[in-house]
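If you read the protein sequences in the order shown, they are chains B and C.
With the working numbering, letter number 283 in the first sequence gets 283, and the count goes up by one each step, no holes.
If you count the second sequence from 1, you need to add 1000 to reach the working numbering.
Ideal Cβ positions, reconstructed from N, Cα and C, are used throughout, including at glycine.
Model, not experiment: these values are computed from the prediction.
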Amino acid sequence: MISKRQALLGSAGLMLAATLGLGTAMAQETVKVVGVIELSGAGATAGTNYKNGAQMAVDEINAKGGILGKKIDFVVYDTQTNPGNTRAAVQRGVDEGAFAIFGPVFSGPISASMQIAQKAGVPQIVGGEAAGLTKQGVNTIFRTSLNQADAMPKLAEYFKNDVKAKSVAVVWVNNDFGKGGRDAIIPELQKRGIKIAADIATESAQADFAADAIKVKASDADAVFVYLNEEESARFLRAIKQQGYAKPIVGETTLLGAKVIELAGDSAEGAKGHVGLSVDAPNPLFAEFGKKFQAKFNYKSDHNGIKGYSGMYLLKHVAEKNGKFDKEAWLKYAHSAIIRTKDEPGILIDSKWDANGDVDRESFLAEVKGGKQVITGTLPPVSKF
Amino acid sequence: MDQFIQLILAGLATGAIYALAAIGFTLVWQTSQTINFAQGEFVMLPAILVLMAVKFLNAPLPVAVLLATGMFLLIFGLGFKTYLVDPMAKHGVLPLAIATMALSILMKEGAKDGFSAEAQQFPSLVPEGVVRLFGATLSLRDIAIFLVAVVAILALQFFVTRTRTGRMMQATAQNPTVAKILGIPTERMILLTFAINAGLAVLASFLISPVYLAKFSNGEVIGTAAFIAAIVGGFNQVRGALVGGFIVGLVDNLAAAYVSSAYRAAVPLALLVLVILFKPEGLLGSKEERTV
């Protein structure tokens, strides 16, 4: 005869087994992607755009049945733009069995965390631009933005041929991103006979740029190159316009981003330079993405939104090409992937990834006119593909 | 020379904001003998409240400014005194100081979660542009910030020293027991002090947010600079906070220009150490004796 206690235990056991069974079944229907992204701190603007772009791609992919029949389970952890938190979040993602890590966007936190993903053999799709990231033999890292080493020669040409500057003041943020950019642009400018009139380091999350703006003005350079993160770029533009600066203000991608234009207001007017990605680029897929993003999040996406979106489609495309969720096979394919929009519209622009995880594609020249980023030219990829 | 004049003006404008916030430290110190560690967040929040009123209530900017100002004065003037300072002060200075630290975190995280973690544009309430003066191009906004802040502080100084209510406030701050015996409504005077503190914080917030952009973390920078300014100038004197604010603003800007941005924050701290070592009551502060 079964006692009441035994009956209760038996029922509990059955329930547990059923729950575990259900959990396993759910796990089989999803593929986990962990976002390790700057949702607060100095990188909040870049990170929020990156996350929203990725989330939009996830929603679209899941609505169409997911990848290889599995829906994407996209979980995001806020790194607070802190390298220590980023390491912990990447480790957590690896421990949770993520098929891929998505982010971070800032180069410093990427540099601090990428070895963890490498050790576990987990692909990591990042938004960083610092040249050094893909020079360290980490075979799991894939960029969604151009390497500074590829972008800066294009920009130096622009200084020489379009801006016709003989001297340039360089303002950069003292983190991995800014230092990498500064180290990449100065030799390229000097190679073209352009003198560095001032070399001004600023701090991440710096609030007051009055002194730096006054130094730029006093340098009497023909133009200033601004290489700061989003919020700092806006503060700098406001500060330098307050000093009555009227010479060309040139930047690389970030300076001309939608969020910077919004934050800087009229002070962004006339800023120009090179942009890797833009919803204003003459490309119907970018325009369509921009409309969808605006409708979903009620603001204009910057380049980080495009990076997040196209990065998720990189993940999907490669997994589908392999026909299975195999991290090793994914890494192998992605290291020489050429993805064209005719095959994968979500990639938005024909792109090629090399053995280091660097991406190559067309890029653009732009200027802020009437409170909007206006594309003034298209530059070809570094290598033909 | 042009560069130096521009740096001085920019330093004075920044310093004027620090002075407004530093006066808050001195006011709270005078009435409750404690340090309000949420003072930086007091300057951060009003601008965020304005933007929240615009976003969530679709209020036009002038209405949003009035709403935010009223709400801030109510919550962080009256509410701060009634629900935090009064109950905690009974248990001594330390619990109150710790409570203000907790309030600081609450305000910061509340602004982040309730509104946004990202910086936001805040409209300038003073004119923008440049003027030529003594051969140097000067920022009209810097001049306006400097003038508005200085007029506000001088008005406060006039109110405190030249009006009956101001003198009652001073008497309450110096010796509340005797003031009460003399018939001064001390509770009302203390409340007025907290309301003035909140009002100055609102003014500082509206002046600085177009420059720094409105962001939940702004209080860290402003709070630290204002705290240093209050100690350098003299924690128990309004005019000390004014001078301290200008000194810290100038030192900060000149250090950024002539030392480096990386070490700019260290220079005011070095100044602070020197003041603590050689004139612990602050440059314009007066010595206080306490029974312990």
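In DSSP terms, what residue i is bridged to
{"i": "H335/B", "result": "Partner(s): none; H335/B has no beta bridge."}
{"i": "L1133/C", "result": "A1136/C"}
{"i": "S167/B", "result": "K195/B"}
{"i": "K71/B", "result": "T30/B"}
{"i": "Y227/B", "result": "W172/B"}
{"i": "I249/B", "result": "V224/B"}
{"i": "L379/B", "result": "S363/B"}
{"i": "T202/B", "result": "V173/B"}
{"i": "A100/B", "result": "V33/B"}
{"i": "Q1237/C", "result": "The partner list for Q1237/C (beta bridge, DSSP) is empty, contrary to what the question assumes."}
{"i": "D78/B", "result": "I37/B"}
{"i": "Q373/B", "result": "V368/B"}
Beta-carbon spacing of residue i, residue j below 8 Å
{"i": "V1243/C", "j": "L1284/C", "result": "yes"}
{"i": "V90/B", "j": "I72/B", "result": "no"}
{"i": "A1214/C", "j": "A1047/C", "result": "yes"}
{"i": "D212/B", "j": "I196/B", "result": "no"}
{"i": "T1069/C", "j": "V1202/C", "result": "yes"}
{"i": "F293/B", "j": "G103/B", "result": "no"}
{"i": "I263/B", "j": "V173/B", "result": "According to the sequence provided, residue 263/B is Leu. The question's Ile does not apply to it. No, they are not a contact pair."}
{"i": "G1077/C", "j": "A1226/C", "result": "no"}
{"i": "A295/B", "j": "Q1003/C", "result": "no"}
{"i": "Q402/B", "j": "I214/B", "result": "A query on residue 402/B cannot be resolved here, the shown segment of chain B reaching from 1 to 385 and no further."}
{"i": "L1007/C", "j": "L1254/C", "result": "yes"}
{"i": "E1041/C", "j": "G1223/C", "result": "yes"}
{"i": "L1106/C", "j": "L1084/C", "result": "no"}
{"i": "T140/B", "j": "G121/B", "result": "yes"}
{"i": "V1150/C", "j": "A1016/C", "result": "yes"}
{"i": "A366/B", "j": "L256/B", "result": "yes"}
{"i": "S267/B", "j": "L237/B", "result": "yes"}
Proximal residues of chain B, C-beta to C-beta of residue i below 8 Å
{"i": "S1260/C", "result": "A201"}
{"i": "Q1039/C", "result": "Simply none; closest approach about 16 Å."}
{"i": "N1218/C", "result": "A207"}
{"i": "V1130/C", "result": "Q242, Q243 and G244"}
{"i": "T1014/C", "result": "D208 and A210"}
{"i": "N1253/C", "result": "D208, A210 and A211"}
Partner residues on chain C for residue i, Cβ-Cβ distance less than 8 Å
{"i": "K300/B", "result": "Result: empty, since nearest Cβ-Cβ is about 14 Å, beyond 8 Å."}
{"i": "T254/B", "result": "Under the 8 Å cutoff, chain C gives no residues; its nearest Cβ is about 14 Å from T254/B."}
{"i": "L231/B", "result": "The residue asked about is misnamed: residue 231/B is Glu in this sequence, not Leu. E1118, A1119, L1213 and K1215, listed in chain order."}
{"i": "T386/B", "result": "What the structure shows of chain B is the stretch from 1 to 385, and residue 386/B is not part of that stretch, so it cannot be assessed."}
{"i": "G265/B", "result": "Q1121"}
{"i": "A197/B", "result": "Result: empty, since nearest Cβ-Cβ is about 14 Å, beyond 8 Å."}
{"i": "E262/B", "result": "Q1121"}
Boundaries (first-last residue) of the alpha helix (DSSP H) holding residue i
{"i": "S1209/C", "result": "T1186 to Y1212"}
{"i": "L1272/C", "result": "A1266 to F1278"}
{"i": "V1054/C", "result": "Q1039 to L1057"}
{"i": "A44/B", "result": "A44 to A63"}
{"i": "D358/B", "result": "Careful: D358/B lies outside any alpha helix (DSSP H) and carries neither H nor E."}
{"i": "A1064/C", "result": "L1061 to L1073"}
{"i": "K321/B", "result": "H303 to N322"}
{"i": "M1168/C", "result": "R1164 to Q1174"}
Closer than 7 Å at the beta carbon, the chain B residues around residue i
{"i": "K1112/C", "result": "S40"}
{"i": "A1257/C", "result": "A211, I214 and K215"}
{"i": "L1007/C", "result": "A211 and I214"}
{"i": "S1139/C", "result": "Q242 and Q243"}
{"i": "V1221/C", "result": "A207"}
Proximal residues of chain E, C-beta to C-beta of residue i below 7 Å
{"i": "G270/B", "result": "The displayed structure is made up of protein chains B and C, and chain E is not among them."}
Beta strand (DSSP E) segment containing residue i, residue limits
{"i": "E367/B", "result": "S363 to K369"}
{"i": "M1091/C", "result": "In the sequence as displayed, the identity of residue 1091/C is His instead of Met. Premise fails: H1091/C is in no beta strand (DSSP E) and is neither H nor E."}
{"i": "Q124/B", "result": "Q124 to V126"}
{"i": "R143/B", "result": "I141 to R143"}
{"i": "V275/B", "result": "K272 to V275"}
{"i": "S351/B", "result": "S351 to W353"}
Contacts of residue i in chain C (Cβ-Cβ under 9 Å)
{"i": "T79/B", "result": "Within 9 Å Cβ-Cβ: nothing; T79/B doesn't reach chain C, min ~12 Å."}
{"i": "A234/B", "result": "A1119, Q1121 and L1213"}
Residues that residue i contacts on chain C, provided the C-beta gap is smaller than 7 Å
{"i": "A44/B", "result": "A1117 and E1118"}
{"i": "R238/B", "result": "V1211"}
{"i": "N174/B", "result": "A1262"}
Chain B residues whose Cβ lies nearer than 9 Å to that of residue i
{"i": "A1010/C", "result": "D208, A210, A211, A213, I214, A239, Q242 and Q243"}
{"i": "Q1003/C", "result": "I214, K215, K217 and A218"}
- Query: Between the stretch 102 to 115 of chain B and the stretch 131 to 147 of chain B, are three or more C-beta pairs nearer than 8 Å?
  - Reply: yes
- Message: Assess contact between the stretch 40 to 55 of chain B and the stretch 1112 to 1121 of chain C, defined as three or more Cβ pairs (one per stretch) separated by less than 8 Å. Is contact present?
- Response: yes
- Count the CB pairs spanning the stretch 296 to 314 of chain B and the stretch 80 to 89 of chain B that are closer than 8 Å, and state whether there are at least three. no
- Message: If contact is defined by three or more beta carbon pairs under 8 Å, each pair taking one atom from either stretch, is the stretch 1177 to 1185 of chain C in contact with the stretch 1019 to 1036 of chain C?
- Response: no
- Could you tell me whether the stretch 172 to 190 of chain B touches the stretch 359 to 376 of chain B, where touching means 3 or more Cβ pairs closer than 8 Å? no
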